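Remarks on the structure that follows.
Numbering (this note's numbering), first residue to last: 3 to 469.
This is the structure we're talking about:
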């Protein structure tokens with residue numbers, strides 16, 4: 003094929019992935035399947051990253067009290083995010099398995115039961131959150147003035163937490179069915195509306211009232227709710243044809259979903275908690291070290307998110323191919339996805355090693371400051387483990403897609419809480435390497451996660467997981 007023909011073919015492949023055309027991922031080229039799934043998943047993650055940056059940009063203009071309330075509220079609402087991620091992983095695994103079996107009715111039923119569980123679980127968090135918003139902020143250490151100014155924000159976010167969870171959960175259903183484009187479009191729609199409404203409702207531009215921090219919460223609620231409505235429309239009209247929620251739970255399906263969801267939830271909690279502990283350790287070296295570390299982490303996460311989007315493709319491909327009775331194809335799909343991810347992460351690693359100073363200068367203009375120096379060291383040390391991180395995240399998603407969410411949860415606990423945190427603490431107590439010892443504990447743990455995950459993956463027990 004000529005170069006022009008190859009370019010045309012690549013462009014058609016990209017357009018096909020973005021249009022959300024129906025594909026059978028249990029046959030044909032695995033490389034093509036990975037690309038079709040990965041492109042919208044990568045764009046989905048990139049939009050989430052952009053939204054986070056824009057949202058905090060507008061909130062920061064309201065002053066430190068507003069920023070504090072947002073940070074404290076996000077810390078508590080992480081519980082909703084965790085449940086959403088766990089249920090999303092469960093829905094992806096079960097819907098993908100039923101889709102691979104060519105049993106769309108069962109896939110639709112799994113999706114309905116997952117949404118029903120999500121609604122019930124969210125009520126357990128949102129109702130107390132709305133009723134006790136002021137108390138929660140007080141417990142979290144917020145100043146009285148910050149509480150007075152921000153309690154409306156916290157109450158609104160808790161009240162709309164159903165939309166937050168459903169956005170995660172239903173996107174997991176779409177990914178399991180192989181329609182990553184709808185998941186991407188729903189998140190883009192939600193976040194674009196949020197970004198547009200943020201300045202209008204916060205600062206009262208044009209005919210809009212000036213609502214301050216409360217406006218940020220309302221913008222988020224409207225954006226997320228619109229995204230969920232878009233999702234529900236496509237659930238009803240798309241290949242799953244979910245037209246109504248169940249009147250009662252189907253307990254065998256519910257038990258299967260929860261068996262996958264609770265370990266997947268703890269995967270996120272275990273990792274997040276360990277990062278919080280490391281941040282606290284870095285903070286003992288002073289505000290310059292803490293600020294530099296946080297800047298580096300934000301940069302690292304921005305570049306990690308596309309890799310997470312790529313790794314999500316492994317979950318769908320594993321689930322569908324196991325459902326189709328093709329475990330060897332499922333395994334090969336993981337190898338192909340991991341190869342792409344390693345290439346991407348290797349490029350990012352080289353980029354950071356060569357161009358870290360100008361990247362950090364964009365966020366910290368004072369190149370002679372300690373903050374700049376700490377950020378530079380953190381970025382280069384942590385990114386040294388990026389290639390292993392790329393492998394680990396793909397294999398983790400492969401386990402989750404197979405319904406074996408317990409294995410990566412145990413691996414996370416061992417590597418984060420029995421190695422990373424104790425190693426960083428040991429370096430801290432001994433005074434070895436200074437703050438760099440804390441930085442170094444991160445790539446050490448990520449490397450071990452990749453090695454252990456690969457060993458267990460090669461043993462192949464995940465192929466026999468019943469979903």
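Every residue, glycine too, gets a C-beta built ideally from N, C-alpha and C. On a predicted model such as this, the values are computed, not experimentally measured, just so you know.
Counted within 10 angstroms of its Cβ, other Cβ atoms place residue i as buried (16 or more) or exposed
i, result
"residue 207", "exposed"
"residue 445", "buried"
"residue 66", "exposed"
"residue 289", "exposed"
"residue 376", "buried"
"residue 114", "buried"
"residue 150", "exposed"
"residue 411", "buried"
"residue 468", "exposed"
"residue 55", "exposed"
"residue 183", "buried"
"residue 137", "exposed"
"residue 374", "buried"
Secondary structure of residue i, DSSP reduced to three states
i, result
"residue 257", "helix"
"residue 244", "coil"
"residue 252", "coil"
"residue 186", "helix"
"residue 455", "helix"
"residue 438", "helix"
"residue 144", "coil"
"residue 287", "coil"
"residue 327", "coil"
"residue 448", "helix"
"residue 28", "coil"
"residue 334", "helix"
"residue 109", "helix"
"residue 200", "helix"
"residue 103", "coil"
"residue 407", "coil"
"residue 22", "coil"
"residue 134", "coil"
"residue 462", "coil"
"residue 181", "coil"
"residue 433", "coil"
"residue 65", "coil"
Start-to-end residues for the alpha helix (DSSP H) that takes in residue i
i, result
"residue 211", "Residue 211 -> no alpha helix (DSSP H), and no H or E assigned at all."
"residue 60", "32-62"
"residue 366", "Per DSSP, residue 366 belongs to no alpha helix (DSSP H) and is neither H nor E."
"residue 236", "215-239"
"residue 422", "Here residue 422 belongs to no alpha helix (DSSP H), and DSSP marks it neither H nor E."
"residue 416", "No alpha helix (DSSP H) contains residue 416, which DSSP labels as neither H nor E."
"residue 469", "Premise fails: residue 469 is in no alpha helix (DSSP H) and is neither H nor E."
"residue 374", "372-384"
"residue 173", "163-178"
"residue 400", "388-403"
Residue-chain proximity (residue i, chain D), Cβ-Cβ < 8 Å
i, result
"residue 170", "The displayed structure is made up of one protein chain only, and chain D is not part of it."
Kindly confirm or deny that the segment 290-297 and the segment 364-384 touch, where touching means at least three C-beta pairs closer than 8 Å.
-> The segment 290-297 is in contact with the segment 364-384.
Segment contact flag, the segment 25-45 with the segment 299-318, C-beta cutoff 8 Å, min 3 pairs | The segment 25-45 vs the segment 299-318: in contact.
Within the chosen definition, does the segment 163-181 reach the segment 214-233 through at least 3 CB pairs nearer than 8 Å?
-> Using a Cβ-Cβ distance cut-off of 8 Å, the segment 163-181 and the segment 214-233 are in contact, since at least three pairs of beta carbons, one from each stretch, lie closer than that value.
Do three or more CB pairs link the segment 383-394 to the segment 65-77 at distances below 8 Å?
-> Per the Cβ contact rule, the segment 383-394 is not in contact with the segment 65-77 (fewer than 3 Cβ pairs under 8 Å).
Should the segment 217-224 be called in touch with the segment 193-201, which here means at least 3 C-beta pairs below 8 Å?
-> Flag = yes, the segment 217-224 and the segment 193-201 touch.
At least three beta-carbon pairs within less than 8 Å, the segment 323-330 to the segment 22-31 = Segments in contact, yes.
The segment 83-98 contacting the segment 263-274, beta-carbon criterion three pairs below 8 Å | By the criterion of at least three beta-carbon pairs nearer than 8 Å, the segment 83-98 is in contact with the segment 263-274.
Does the segment 171-187 touch the segment 150-163, meaning 3 or more C-beta pairs lie closer than 8 Å?
-> Fewer than three beta-carbon pairs drawn from the segment 150-163 and the segment 171-187 are found closer than 8 Å, and the two stretches are therefore not classed as touching.
Can at least three beta-carbon pairs, one atom from the segment 176-190 and one from the segment 91-98, be found at a separation below 8 Å?
-> The segment 176-190 vs the segment 91-98: in contact.
When the Cβ atoms of the segment 102-120 are set against those of the segment 181-193, are three or more pairs found closer than 8 Å?
-> Inter-segment contact for the segment 102-120 and the segment 181-193 is absent: fewer than three beta-carbon pairs are separated by less than 8 Å.
Counting Cβ pairs closer than 8 Å, one from the segment 442-458 and one from the segment 390-408, do we hit at least three?
-> The way I'd put it, the segment 442-458 does touch the segment 390-408; three or more beta-carbon pairs between them come closer than 8 Å.
Is there contact between the segment 249-261 and the segment 425-443, where contact requires at least three CB pairs shorter than 8 Å?
-> At 8 Å Cβ cutoff, the stretches do not touch.
Specify whether the segment 200-217 and the segment 121-130 touch according to this definition: at least 3 beta carbon pairs, one from each stretch, less than 8 Å apart.
-> No, the segment 200-217 does not touch the segment 121-130.
At a cut of 8 Å, does the segment 430-442 reach the segment 349-358 through at least three beta carbon pairs?
-> The segment 430-442 vs the segment 349-358: no contact.
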